[in-house]
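Asks: Each residue of the sequence shown is one higher than the one before, starting from 45 at the first, in the numbering used here. Where a beta carbon is used, it is the ideal one built from N, C-alpha and C, also for glycine. To start, I am sharing the structure in question, which I have written as structure tokens.
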Amino acid sequence: MIQNSNLVNILTPKAIGTKRYQERRKKLVAQVQADFSNTTGAIVLFSALERDATKFIQESSYYYFSGIVEPGTVLVINLDGTTTLFVPNTNQQRQIWVHQALEPSADLAQQLGVDSIVYLGESIKGFEFYHFFNNLECQNLLNYLVEIIAQNGQIFAINPDSYRGYFESRFLLERVLGFLSNLVNKNLSNSSNTGASNIVQDISQQIASLRRIKDQWEIGQIYEAIGVTIQAQQRAAEFIQAGRIENEIQGMIEFTFTESGAGIAFPTIVGGGVNSTVLHYTENHSVLEAGDLVVIDIGASHELYCADLTRTYPVSGKFTKRQLEIYNLVLETQQYIADLAKPGIWLNNRDYPEQSLNHLAHKFIQERGYGEYFPHGVGHYLGLDVHDVGSYATPLQAGDVITIEPGIYIPLEKLGVRIEDNYWITDKGAICLSEELPKTAVEIEQLMVSTHSSVSDE
């Protein structure tokens, strides 16, 4: 692992303009043209839709290629490079309810870096575009796609053949294709294309390969998210004491995110005692007890880029001898794996276990007698999604960002320890982007000492 104490000077984010998204779209078009024999057609990307009583979060791949956070929109990238943005027709009702709602105009198209903005179709009821829209509400998009099919073109979209991932994008694509099939069969009966489904090509792998390698601007956004998360971890540590409820700690964490203008990358985990042994414990309603450990696994998001940091704290302010034994083993495992992480080695590959960080971590803990207590992988890609896209079949590359998060969980002892940091893979090795957050047992105890000394004085 590379030591670097001057990251803040390297990773100061610079403003991003529409040009960056245009360049990303050019790369995607080039990748599609290189990977598919029939390159007549268009790439179709769907934004996320709103859901009642839930904060809107844009679909990550849509955002990556557009920078647009408006729900219910569709980006069509022709393979000649021109781009059309389709927006729901709300009869200008959306402007009453939502800040900076999008409407077709040449000036706005220029600001967003697209060639034109048009309505999806006829006006909708209300100001929100919902999942079960009808064909008339997307008629303009359907007509556009029919023209592509009429020229024997194809639709390139996110449509992986898998049981997970991209649920909403795949649902929206399927709904549009259902409407489109009727138009194709009706209007193009003499065409070689007899339906819509046979002209869709999945480009999820091409998108994942582009998104996986982060440029310096993206590293800067992740670093900003990490900075907020570090602050939240430190505040949480200072607030921990016996008698507090886990959700009080959660409140402190999420207040820090909100105060900093950041979002929440995933549900906050604050697990004390036996809850520290539950990997995705999010109920956060138990009382912290003296002598227990508490695992805090949290992540802020900045410009939709995520952080993911875990620390384990002793509720009483100091580790017991047994807790310290397990804690130091987990830390030793993380440091061992971080030193190995570099381009050419795999994050997780069962075919090459001797060069797979996940397998090496499990072997390391297994050899020390705790293999059965390490039930999860040692890390994952990090970016616009907390478990970011990227193939585990290819080795690490410069520009990857990963987590390294070994853990040992012993329910019978109410003892769970996880330590997680975020790493930037460079040509020379891994740089820890979260190195400012205390991690050794001594540092953790020092971080908590002020709170516990004041409590003991009362």
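#1: Could you compute how far the alpha carbon of Ile-454 sits from the alpha carbon of Gly-460?
#2: Report yes if the C-beta distance between Thr-83 and Asn-196 is below 8 Å; otherwise report no.
#3: Considering only C-alpha positions, which residue in the set Val-113, Ser-360, Tyr-163 is nearest to His-143?
#4: Who are Arg-355's beta bridge partners in DSSP?
#5: Just list the residues that DSSP pairs Gly-415 with in beta bridges.
#6: For a test of the three-state rule: what should DSSP assign to Asp-246, helix, strand or coil?
#7: Within this structure, are the beta carbons of Ile-469 and Pro-450 separated by less than 8 Å?
#8: For the pair the region 112-130 and the region 85-100, tell me if three or more CB-CB distances fall below 8 Å.
#9: Give me, in chain order, the residues of the same chain whose beta-carbon lies closer than 7 Å to that of Glu-421; leave out the 5 immediate sequence neighbours on both sides.
#10: Under DSSP, the alpha helix (DSSP H) around Gln-198 begins and ends at which residues?
#11: Beta-carbon within less than 7 Å of Phe-310's beta-carbon, same chain only, minus the 5 sequence neighbours each way: which residues are those?
#12: I need the DSSP call for Leu-368, collapsed to helix, strand or coil.
#13: Cutting at 8 Å between CB atoms, please list the residues of its own chain near Met-492, excluding the five before and the five after it.
#14: Mind reading off the beta-carbon distance from Gln-378 to Ile-270? Whole number of angstroms is fine, and I expect it under 8 Å.
#15: If we count the other Cβ atoms within 10 Å of its Cβ and call it buried at 16 or more, is Ser-149 buried or exposed?
#16: In three-state terms, what does DSSP make of Ser-233?
#17: Taking the continuous alpha helix (DSSP H) assigned at Gly-125, which residues delimit it?
#18: Between which two residues does the beta strand (DSSP E) holding Ile-463 run?
#19: Could you give the DSSP three-state label for Gly-427: helix, strand or coil?
Replies: In terms of the structure at hand:
#1: 6 Å
#2: With contacts defined as CB atoms closer than 8 Å, Thr-83 and Asn-196 fail to qualify as a contacting pair.
#3: Val-113
#4: According to DSSP, Arg-355 bridges with Ile-340.
#5: Answer is none; Gly-415 lacks a bridge partner.
#6: strand
#7: no
#8: yes
#9: This sequence places Gly at residue 421; Glu is not what is there. If we look at Gly-421 and ignore the five residues flanking it on each side, its Cβ neighbours are Asn-392, Asn-402.
#10: Looking at the DSSP string, Gln-198 is not in any alpha helix (DSSP H); the run it does join, the beta strand (DSSP E), is 198-201.
#11: If you ignore the 5 residues before and after Phe-310, its C-beta comes within less than 7 Å of the C-beta of Gly-343, Val-430, all in its own chain and listed in chain order.
#12: helix
#13: Ala-281, Glu-282, Ile-284, Tyr-357, Pro-358, Gly-361
#14: So it is not a contact: roughly 16 Å between Cβ atoms.
#15: exposed
#16: For Ser-233, the predicted model reports a pLDDT of 47, less than 50, meaning its position is unreliable and no value from the coordinates is stated.
#17: Gly-125 -> no alpha helix (DSSP H), and no H or E assigned at all.
#18: Here Ile-463 belongs to no beta strand (DSSP E), and DSSP marks it neither H nor E.
#19: The answer is coil: DSSP assigns Gly-427 none of H, G, I, E or B.
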